Ligand SMILES: NC(=O)c1ccc[n+]([C@@H]2O[C@H](COP(=O)([O-])OP(=O)(O)OC[C@H]3O[C@@H](n4cnc5c(N)ncnc54)[C@H](O)[C@@H]3O)[C@@H](O)[C@H]2O)c1
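In this note's numbering, the protein residues as written are 15 to 287.
What follows is the structure, given as structure tokens:
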């Protein structure tokens, strides 16, 4: 017999760490989890952005020390710094309680033809998009395993599953993060920790808008572009960050309790999968 409530993800009382929560998809994930009664550690390399988010979402919550009710607490965190990740996870568990949810959203996009990428483009892309996921998972998964429960969701990209011009470093870094998350899911399944991936397509955030170099760019995203071998979006819309957050919330919740090592594409059908 299922003890989950139909129609509503059961999450209240949990504690979540969200990386890259300062804007875009990460901010939408933090907002959605908090709305469902989750205490959210909103982390980002831009500390001011998460401080502002916490103030906006949960103005009454104390900014430090233990909490009495669900809260949004801001923590500056660069996911490329493994030691800082360990220390911040420790601090979050002391402040908010045991982590039950980890959502890896932090990511960067460097675009250039493959042979024109600099060493720095390549290494920085992997440092954030791939090693960042490794750092947070390494810090959090054993803690979840010791308690016999937890859900990890990595926000990758549909570019991890289809070749894109000008995006080789990004796509390769995301494909690596996907396979790392699935292998993690296999190792930790017996400890009650589920690990899944959400693969967004074009989503209206500052990252997406950085690609819109002329007024016609959003139209090319919707219609497709033969010059770059790119299909359009069959559902004929660019995603809102909330579309991605809804999929993350589902996979984080007990309604997905029998789902692990999966890759959920939220791209309006763009990759024709
Ligand atoms: N927007 C899209 O169309 C799209 C499509 C597919 C996948 N994605 C992925 O979704 C995730 C969120 O994207 P978005 O569009 O909201 O991007 P965004 O650029 O709007 O936001 C990304 C956030 O990550 C933070 N960040 C960057 N480097 C960091 C680091 N080293 N440590 C911690 N935080 C860091 C940034 O400060 C920012 O707040 C990314 O992983 C991105 O690759 C986005």
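Every residue, glycine too, gets a C-beta built ideally from N, C-alpha and C. All values reported here derive from a predicted model rather than from experimental measurement.
Chain-order list of residues whose beta-carbon lies under 6 angstroms from that of residue i (same chain, five-residue window excluded)
i           : result
residue 111 : 29
residue 182 : 128
residue 26  : 51
residue 234 : none
residue 40  : 32, 34, 119
C-alpha distance - residue i paired with residue j, whole-angstrom precision
i           : j           : result
residue 219 : residue 42  : 10 angstroms
residue 16  : residue 189 : Caution applies to residue 16, whose pLDDT of 49 falls short of 50 and renders its modelled position unreliable; the value that the coordinates give is listed next. For residue 16 and residue 189, the distance between alpha carbons rounds to 34 angstroms.
residue 246 : residue 78  : 46 angstroms
residue 147 : residue 24  : 25 angstroms
residue 113 : residue 90  : 17 angstroms
residue 138 : residue 48  : 31 angstroms
residue 266 : residue 166 : 7 angstroms
residue 173 : residue 253 : 15 angstroms
residue 239 : residue 230 : 11 angstroms
residue 73  : residue 102 : 22 angstroms
residue 68  : residue 262 : 20 angstroms
residue 171 : residue 196 : 15 angstroms
residue 46  : residue 169 : 15 angstroms
residue 177 : residue 215 : 13 angstroms
residue 273 : residue 264 : 10 angstroms
residue 194 : residue 131 : 24 angstroms
residue 260 : residue 35  : 15 angstroms
residue 57  : residue 66  : 12 angstroms
residue 244 : residue 76  : 48 angstroms
residue 70  : residue 241 : 43 angstroms
residue 155 : residue 228 : 43 angstroms
residue 153 : residue 88  : 18 angstroms
residue 187 : residue 44  : 24 angstroms
Contact check, residue i vs residue j, beta carbons under 9 angstroms
i           : j           : result
residue 206 : residue 163 : yes
residue 236 : residue 123 : no
residue 141 : residue 116 : no
residue 255 : residue 38  : yes
residue 121 : residue 279 : no
residue 119 : residue 217 : no
residue 104 : residue 80  : no
Coarse secondary structure for residue i, derived from DSSP in three states
i           : result
residue 15  : In this prediction, residue 15 has a pLDDT of 47, which is less than 50 and means its spatial position is unreliable; nothing more can be read from the coordinates.
residue 10  : Nothing about residue 10 can be reported from this structure: the residues present for the chain run from 15 to 287 only.
residue 116 : strand
residue 174 : helix
residue 278 : strand
residue 139 : helix
residue 58  : strand
residue 106 : helix
residue 31  : strand
residue 224 : coil
residue 162 : coil
residue 208 : strand
residue 244 : strand
residue 144 : helix
residue 93  : coil
residue 189 : helix
residue 132 : coil
Beta-carbon proximity list for residue i, same chain, < 7 angstroms, skipping 5 on both sides
i           : result
residue 161 : 112
residue 94  : 141, 142, 145, 146
residue 149 : 93, 96, 99
residue 277 : 192, 211, 213
residue 159 : 202, 205, 207
residue 135 : 124, 126, 183
residue 249 : 282, 283
residue 221 : 38, 123
residue 251 : 282
Own chain residues within Cβ distance below 8 angstroms of residue i, not counting five before or after
i           : result
residue 107 : 29, 113, 157
residue 125 : 180, 181, 184, 225
Counting pairs of Cβ atoms below 8 angstroms between the stretch 77-93 and the stretch 52-66, do you hit three or more? yes
Evaluate contact between the stretch 62-74 and the stretch 271-285, counting only Cβ atoms and requiring at least three cross-stretch pairs below 8 angstroms. By the Cβ test, the stretch 62-74 is not in contact with the stretch 271-285, since fewer than three Cβ pairs between them sit closer than 8 angstroms.
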